[in-house]
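Residues 81 to 332 in my numbering are what the sequence shown lists, from first letter to last.
Every residue gets a Cβ at the ideal spot worked out from N, C-alpha and C, and that includes glycine.
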Amino acid sequence: MVLVSCGSKPSKESIEAYQAKVFERGDISLPYRILLPKEFDPQKSYPLVLVLHGAGERGLDNEAQLTHGSSVFLEPENREKFPAIVVFPQCPEESYWANVDRQRKLMTFNFTFQPAGEATPAMKSLQALFDELLQNHKIDRSRIYVGGLSMGGMGTFEFVRRNPGTIAAAFAICGGAHPDTAANLTDTKWWVFHGDADMVVDYEHSVEIVNALKEQGAEVQFTTYEGVNHNSWENAFAEPDLLPWLFSNQLK
81 MVLVSCGSKP
91 SKESIEAYQA
101 KVFERGDISL
111 PYRILLPKEF
121 DPQKSYPLVL
131 VLHGAGERGL
141 DNEAQLTHGS
151 SVFLEPENRE
161 KFPAIVVFPQ
171 CPEESYWANV
181 DRQRKLMTFN
191 FTFQPAGEAT
201 PAMKSLQALF
211 DELLQNHKID
221 RSRIYVGGLS
231 MGGMGTFEFV
241 RRNPGTIAAA
251 FAICGGAHPD
261 TAANLTDTKW
271 WVFHGDADMV
281 VDYEHSVEIV
291 NALKEQGAEV
301 QFTTYEGVNH
311 NSWENAFAEP
321 DLLPWLFSNQ
331 LK
């Protein structure tokens, strides 16, 4: 099953700016791209941003995951204002970021989110990469951020759940999560996006988790794009306040 991205490709600028690496440990082999601050100082601590792509960008080419969102972090103003270590890992074709049962029904999909259970191989690899990044880079532990779209939005909720008290802020675009997990997501500030005409991942998935987060007292913003189908990442990554909001958050 593929959540399509309409055949888009990453820009040449992104491919050149983000260093291509492969994280390997035991049976794990996870391609990823990393962007360091423009005036990188290895003695300084920087915020860390993980961005999780959708199912259509899975594979091993170590490029497709840059298709959506990577250019935002390259804008000169953003590189100047928000120096950070930005990482785009790539999920293998046969795996999935989140523990979700998926069934296709004509042009739509039915998703059953698991509130617990074992992590997928991709999530286990992502966790190992995350631990490695924390070990090998000077990361500001109070300013770790995660975001993602579609499958990556689902993975964002799950990654935060599996790392309680670690993620300062997260954004989830056209994703979803089991409402019962909300109690484990309240240490993180949230901005959730979804198009109300989404024919791939039902808009109600975001409505349900947002309502559950609010009931648990979480700080959450919810942006609905009226009439927008599954490609609401185009709207979300164009939000002028996305990065200022993201980097303004800090764990106490």
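1. Name the two residues that bound the continuous alpha helix (DSSP H) containing His285.
2. For Asp260, collect the residues of the same chain with a Cβ closer than 6 Å to its Cβ; drop the 5 residues on either side in sequence, then sort them by chain order.
3. Let me know the secondary structure DSSP gives Ala144 once reduced to three states.
4. Assuming contact is defined by CB atoms lying nearer than 8 Å, are Val166 and Val226 in contact in what I supplied?
5. Classify Lys124: buried if its beta carbon has 16 or more other beta carbons within 10 angstroms, exposed otherwise.
6. Tell me the DSSP secondary structure of Lys218 in three-state form.
7. Quick one, which of Phe210, Phe237, Asn158 has its alpha-carbon nearest Ser193's?
8. Is Glu157 buried or exposed, if buried means 16 or more other CB atoms sit within 10 Å of its CB?
9. So, Pro169 versus Tyr98, is the Cβ gap smaller than 8 Å?
10. Is the beta carbon of Pro122 less than 8 Å from the beta carbon of Lys218?
11. How would you write the range of the beta strand (DSSP E) that Pro169 sits in, first residue to last?
12. Return the chain-ordered ranges of every beta strand (DSSP E) run that is complete within the stretch 218-276 and spans a minimum of 3 residues.
13. Closest to Val300 by CA distance: which of Asn309, Val290, Glu306, Val308 is it?
If we stick to the structure as given:
1. 283-295
2. Pro195
3. helix
4. no
5. exposed
6. coil
7. In the sequence as displayed, the identity of residue 193 is Phe instead of Ser. The residue with the shortest Cα to Cα distance from Phe193 is Phe237.
8. exposed
9. no
10. yes
11. 165-169
12. 219-229, 249-253, 269-275
13. Val290
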